[in-house]
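Q: Please find one structure pasted underneath; my questions will follow.
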Amino acid sequence: MNQKGMILPLTLAMSLMIALLLLHLSYRIEDQARLYHLERDHLTLSLLKKECVKQITDQLGTKIVEGHEKIPPQVISLHNGTPVTISYKNGYETLAVTYQFHYNEYLESGSITYDKKTHDYTMN
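Be aware that the sequence shown starts at -1, since it is given in our numbering, and climbs by one per residue.
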């Protein structure tokens, strides 16, 4: 077979098959790594949101907000240094709090409504 030249095409075909299998494996590993990073970012974002809401509700629990005086916006920092911008819209019966922060390329925002009479929170 070697004299007829069949070994070289067979070796090339086997090398090509192995290269294709390795390329497919590398794409699968790359997809798994990308999925891992997305899941990690999602979980971190969820934890940061919970920490932000906890800090806001703690602040509202210690503040006495009466009437409808204007409350200036403020910036707080989360455990990893992420700044959160908090703005208030004070009404007679409710206090609307909105928050916004950036984590990596993700923007997270939300609002909390605080009822002054019942001292209840509503997440929006």
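Virtual Cβ for every residue (Gly too), placed ideally from N, Cα, C. The structure displayed is predicted, hence computed values, not measured ones.
Which residue's Cα is closest to the Cα of Thr111: Asp39, Gly59, Met12?
A: Counting from 1 along the sequence shown, the entry for residue 111 is found at position 113. Checking every option, the nearest Cα to that of Thr111 belongs to Gly59.
Q: As a quick exercise: from Asn88, Tyr104, Pro7, Gly108, pick the residue whose alpha carbon is nearest that of Lys114.
A: Along the sequence shown, read from residue 1 onward, the residue named residue 114 stands at position 116. In this structure, Asn88 is the residue among Asn88, Tyr104, Pro7, Gly108 with its C-alpha nearest to the C-alpha of Lys114.
Q: Exposed or buried, what is Leu46 when buried is set at 16 or more other beta-carbons lying within 10 Å of its beta-carbon?
A: Working through the sequence shown from its first residue, we reach residue 46 at position 48. Per the 10 Å Cβ criterion, buried.
Q: If distances are taken between C-alpha atoms only, which option among Pro7, Ser24, Leu43, Ala17 comes closest to Asn102?
A: For this step, residue 102 is matched to residue 104 along the sequence shown. Of the candidates Pro7, Ser24, Leu43, Ala17, the residue whose Cα lies closest to the Cα of Asn102 is Leu43.
Q: Considering only the alpha carbon of each residue, which of Ser107, Phe99, Ala94 lies closest to Thr120?
A: Counting from one through the sequence shown, the residue named residue 120 turns up at place 122. When each option's Cα is compared against that of Thr120, the closest is Ala94.
Q: Short check: CB of Ser109 to CB of Thr96, under 8 Å?
A: The count along the sequence shown starts at 1 and reaches residue 109 at position 111. The count along the sequence shown starts at 1 and reaches residue 96 at position 98. With a cutoff of 8 Å on beta-carbon distance, Ser109 and Thr96 are scored as near each other.
Q: Just to confirm the assignment, what range does the alpha helix (DSSP H) spanning Thr83 have?
A: As a working note, residue 83 is residue 85 in the sequence shown. Counting along the chain, Thr83 falls outside any alpha helix (DSSP H), though it belongs to the beta strand (DSSP E) covering 81 to 88.
Q: Between which residues of its own chain and Pro81 is the CB-CB distance below 7 Å, once the five residues before and five after are set aside?
A: Against the sequence shown, residue 81 aligns to sequence position 83. If we look at Pro81 and ignore the five residues flanking it on each side, its Cβ neighbours are Val73, Ser75, Phe99.
Q: Please state whether the Cβ-Cβ distance between Glu49 and His77 is less than 8 Å.
A: The residue you call residue 49 lines up with position 51 of the sequence shown. The residue you call residue 77 lines up with position 79 of the sequence shown. Cβ atoms of Glu49 and His77: closer than 8 Å.
Q: Helix, strand or coil for Met121? Go by DSSP, reduced to three states.
A: Position 123 of the sequence shown, counted from the first residue, corresponds to residue 121. Strand at Met121.
Q: Using CA atoms only, rank isn't needed, just tell me which of Asp56, Glu67, Leu6 is closest to His117.
A: Looking up residue 117 in the sequence shown gives position 119. Looking at the Cα atoms, Asp56 is the closest of the given residues.
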